[in-house]
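Chains as they are written, first to last, in the numbering used here: chain C, 1 to 388; chain B, 1001 to 1352; chain D, 2001 to 2188.
Worksheet: the structure to be examined is printed underneath.
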Amino acid sequence: MREALEGSQAIARAVSLCKPDVVAAYPITPQTHIVENISKLVAEGDLHTEFVSVESEFSAASVVLGAAAAGARAYTATASQGVLLMAEVLFNIAGMRIPLVMTVANRAVSAPLSIWNDHGDSMAVRDSGWIQLHAADNQEAVDTTIQAFRITQETELPVMVCMDGFILTHTLEVIDLPEQSVIDDFLPAFEFNRRLDPADPKSLGTLVDPGYFAEVRHSHHAAMQKALSVIKDTDSAWETATGRACGGLLTVEGDPGAAVGIVAMGSTVGTLRAGMAHTPEAGPAKLIKLRAFRPFPTQALIEATQGLDHLIVIDRAISPGLGGILGTEIAAILADVPNAPKIHNHALGLGGRDIPETIYADLIEAIKDPDAPLIFDADMAKLAPEDR
Amino acid sequence: MQDQARLAELRQKFGREPAAPSEPTAERTPREAQPRFRGLESGHRACQGCGEALAARLVMESAGPDVMVANATGCLEVFTTPWPQSAWRVPWIHSLFENSAAVASGMEAAMKAKGQNTKVLAFGGDGGTYDIGFQALSGMLERYHNILYVCYDNEAYMNTGIQRSSSTPHAATTTTSPAGKERMGKRHLKKDLLSIIAAHHIPYAASASVAYPQDLQRKVRYAMGIDGPTFLVVHSPCPLGWRHASALTIEVARKAVECGLFPLVELERGAVTNIMPIRQVRPVTDYLKLQGRFAHLTRDGDPRAQEERDHLQALADYNINVFGLAGDGDDPVDTSGITTVGRGGPLAGRPQ
Amino acid sequence: MIEFRIHGRGGQGSVAAAYLLAAAAFEAGMMCQAFPAFGAERRGAPVTAFVRIGHGPIHLRSQVRTPDWLIVQDNSLLIDPNLTAGLKAGGSMLVNSGRDSAEVAQTFGCRALCVDATQMAVEEIGRPIPNTALLAAFLGLTGILPLDALATALKGRFHGKVLEDNLRLIERAAQSVPTGAWKETEDA
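Written as structure tokens, this is what we have:
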């Protein structure tokens, strides 16, 4: 049913539709509205789940780890510092191949303290072995959350659904929440074959010596690669069920004959779309909306960038001392591709810097400028001369 | 012979017949004939005389098969589960050093959600309990999860090679609190964890020792029967870290209790409800002199050694006074479990 | 697409006003988007919220820089000369104030109307929260959305006495302004 809902509220409702057995969370801006709404659903009796209100994000991640290991469908949500406090557990969850779902309401990482959006938090744990899917709007966030429960079960890989903090979590827009029966058909009952069960005792998380560690990592990497098709197929199945898709691994829109491409993740895509529509004088572009960041859809990206002369890669985080993270990864992917486009990597919207519609024209214009700054929207006038 | 005499003595004292395990038959080996549940199998890789291995085996025997365990990183985790082997006959999970209480919370929430009654146990060493896992433990107790948390207290980070923890006794040497010209081992006190646990007003918290296995197992069984958070700290000597002979584990543990440095007490809802009396209180030096970690305290003619011995004696005296441990009451061997915990060995009347 | 900017102070329900306006647009069959410019502000600090409504999908997610309409919930914010920054030519501002509309219009160089929404709110709902009264007055002036749509949006958010009081308040507020006086700029 279509409703006007705040992003966080919609996520809470979507999670509720997936009937999690255990939800554990610790409040952090801008994730709070998600867990507040889940708590309310529990309090009103609309959601029957064990809601564990923990004393830290570290324990939130640990609780869902234990719950899923014991055979429960488990969910948590966090952001920013919470992601980093969880970091050790996140690697552990993925390494043990525990299936569960987490929403990250993307927010910058301190210092300096910022409660506003960028992707510094989820990027900091990109190597943890989680699937990371980015939502461009709240409908995608809702649909991806539901899909995530199916993906995690099928792959035994934990899934992080990234949605831009405030820009999506606190935005009210029109959302189509599926009927419960649609979800029940789409999402099989939770099964985890390695679950802790006194009738069939297993030891999980044992010490692995150098004789086995490489093999464990290899199988994890292989599982991530296999997950590419699962992510795609799950989105197709969702489209069959609801008539809506989220764009599989990535989608390409805009002018198919354009010589310029722009890659972006998350809510930036919408603003670029608006800029492309409203400033045609800036010139045409192919807009590549990247949904799967981990596993990375290498082949799909190579195909999407074929025929381009220039590829603008937008990051919402940087790796200080190197550059944009997505930009660096895409440069590595395209390094051996014949006639690959020239890459122009820029970071935008760090720490909640508002991204205006004019960014589309400005980015295309900057292709001509070899000295265009990495952090595209930084105002050098605010800096001391020695810091520029 | 000694055991037979002891059995007769107990029989006279308590006027009841301790049940012996059934005789082995041709089809059943002596081990199979034993009624106890072996949740932690032998064949693991603990050191000789490991107090923690013994304690964990005793806990598992009493906790019984319908349990699942969340185990913190530490010796117990490492020596029982070198992939692809495992010494555990119950569902067992190790996640991290500092989160066994939180992982157990999740497991318990899952059991609740699924309407199952399997009891969840959380295990940690003193490092994982007193120090790095302290916050998760407090959260678990406050949220009132139905979990028995067992801390195997060997008073230092033994898995990483004997570094001091907040549970290391005052003046003990470790690799990060060595004795030297300027220092007499650890400068700080052993954290009074049980009081902090008690301040959560949980249904049951107790200390136990591997030197008193029946007492330990009675406490485990009592905790298992409670629907709520319970806590047990088990004094578990580490021959390597404490630097005593492997054969002396039980004796060292017993002397810690007998001198008052490790009081065996039970607290319910924060109030002391039971203690194990010490019939013959020993001086702390009887305990200290068995262990290399206190060797610098038993040097003659060093006034600092005397000062620290006095300090430790004062701490023991404090425990004895606070809990009223000194007394001419019952023998500290607790026998209430002897009828339900079958014992192998000489008591079963088998030939040696 | 029509863009709004709502200025208020923490505690006056500016974010709620943005959500209500967007929800009303949805009830009227339009697409909508509403979000706050969240800061670390506490009660009493200036708060800004944004609304976009339109008949097609809304992709743009930047803050509203060139609003068609301004709604100002607190008289004290009028000391800020940048209040109307980016207001489109022909744009108007509705202000919760007892001040003279012409004077405010002259100060900011745009069409302005002052209504004492706080007073109406105190009388009807017993609390000095002007947001629903202002929205109703705005809809009365512009006719952008039917008042019924706002009433439906309120029903999705409030219940019982609070709802009844607010429904009475919006009726009164809508009638307190000249109906359709700003209608000609509907498509600004």
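Ideal Cβ placement from N, Cα and C applies to all residues, glycine included.
- When secondary structure is reduced to three states using DSSP, C:Arg294 falls in the strand class.
- Using a Cβ distance threshold of 8 Å, C:Ala136 and C:Lys232 do not count as a contacting pair.
- Counting along the chain, no beta strand (DSSP E) covers C:Thr268; the unbroken alpha helix (DSSP H) around it starts and ends at Thr268 to His278.
- At a cut-off of 8 Å, the C-beta of C:Arg13 has no neighbouring C-beta in chain D.
- Within chain D, the residues placing a beta-carbon under 8 Å from that of C:Leu172 are Ala2018, Tyr2019, Ala2022, Ala2023, Cys2032, Gln2033, Ala2034 and Phe2035, ordered along the chain.
- The region 2054 to 2065 of chain D and the region 2014 to 2031 of chain D touch, with three or more beta-carbon pairs separated by less than 8 Å.
- Within the DSSP bridge table, the entry for D:Pro2046 names D:Arg2009 as partners.
- Assigned with DSSP and collapsed to three states, B:Cys1075 falls in helix.
- Rounded to the nearest angstrom, the Cβ distance from D:Leu2169 to D:Gln2073 is 14 Å, too far for a contact under 8 Å.
- Cβ-Cβ separation between D:Thr2107 and D:Met2093: approximately 10 Å, too far for a contact (criterion under 8 Å).
- Taking 8 Å as the CB threshold, D:Ser2062 lines the interface with chain C.
- Residues Ile98, Arg195, Leu196 and Leu204 of the same chain have their beta carbon placed closer than 7 Å to that of C:Ala69, with the five preceding and five following residues left out of the count.
- Contact check for D:Leu2070 and D:Arg2005: beta-carbon distance about 5 Å, within the 8 Å limit, so the pair qualifies.
- For chain C, the residues of the region 2048 to 2079 of chain D that bring a beta carbon within less than 8 Å of one of its beta carbons are Ile2058, His2059, Leu2060, Arg2061, Ser2062, Gln2063 and Arg2065, in chain order.
- The three-state secondary structure of B:Gly1270, taken from DSSP, is coil.
- Residues of chain D whose Cβ lies closer than 8 Å to the Cβ of C:Asp354 are, in chain order, Ser2062 and Gln2063.
- Per DSSP, the beta bridge partners of B:Trp1092 are C:Ser203 and B:Val1069.
- Residues of the region 1083 to 1110 of chain B with a C-beta less than 7 Å from any C-beta of chain C: Trp1083, Ser1086, Trp1088, Arg1089, Val1090, Pro1091, Trp1092, Ile1093, His1094, Ser1095, Leu1096, Asn1099, Ala1102, Val1103, Ala1104, Ser1105, Gly1106, Met1107, Ala1109 and Ala1110, listed in chain order.
- The Cβ neighbour count for C:Asp185, taken over all protein chains shown within 10 Å, is under 16; the residue is labelled exposed.
- Assigned with DSSP and collapsed to three states, C:Asp369 falls in coil, not helix or strand.
- Put simply, the CB of C:Ala274 is near chain D, with a gap under 8 Å to one of its CB atoms.
- Beta bridge pairing from DSSP links C:Val337 with no other residue.
- For the 8 Å CB-CB criterion, C:Leu228 and C:Ala304 do not form a contact.
- Taking a C-beta distance under 8 Å as the contact criterion, B:Lys1181 and C:Asp21 do not qualify as a contact pair.
- Note that the region 1065 to 1082 of chain B does not touch the region 178 to 192 of chain C; fewer than 3 beta-carbon pairs, one per stretch, sit closer than 8 Å.
- With a cutoff of 8 Å on beta-carbon distance, C:Thr32 and C:Val101 are scored as not near each other.
- DSSP places D:Pro2036 within a strand segment (E or B) once states are collapsed to three.
- Contact annotation for C:Lys202 against chain B: Pro1091 [CB-CB distance below 7 Å, chain order].
- C:Ile359 sits away from C:Ile312, with the two beta carbons spaced by 8 Å or more.
- Taken residue by residue, none of the region 225 to 238 of chain C has a beta-carbon sitting less than 8 Å from a beta-carbon on chain D.
- Within the region 1212 to 1230 of chain B, not one residue has a Cβ closer than 8 Å to any Cβ of chain C.
- Inter-segment contact for the region 1288 to 1301 of chain B and the region 1169 to 1186 of chain B is present: three or more beta-carbon pairs are separated by less than 8 Å.
- For B:Asp1066, the chain C residues whose C-beta falls within less than 8 Å of its own C-beta are Pro198, listed in chain order.
- Here C:Ala300 is buried, its C-beta having at least 16 other C-beta atoms within 10 Å.
- Distance from the CA of D:Leu2139 to the CA of C:Ser319, rounded to the nearest whole angstrom, comes to 49 Å.
- When the alpha-carbon of B:Leu1216 is set against those of B:Asp1227, B:Ile1202, B:Phe1231 and B:Pro1203, the nearest one is in B:Phe1231.
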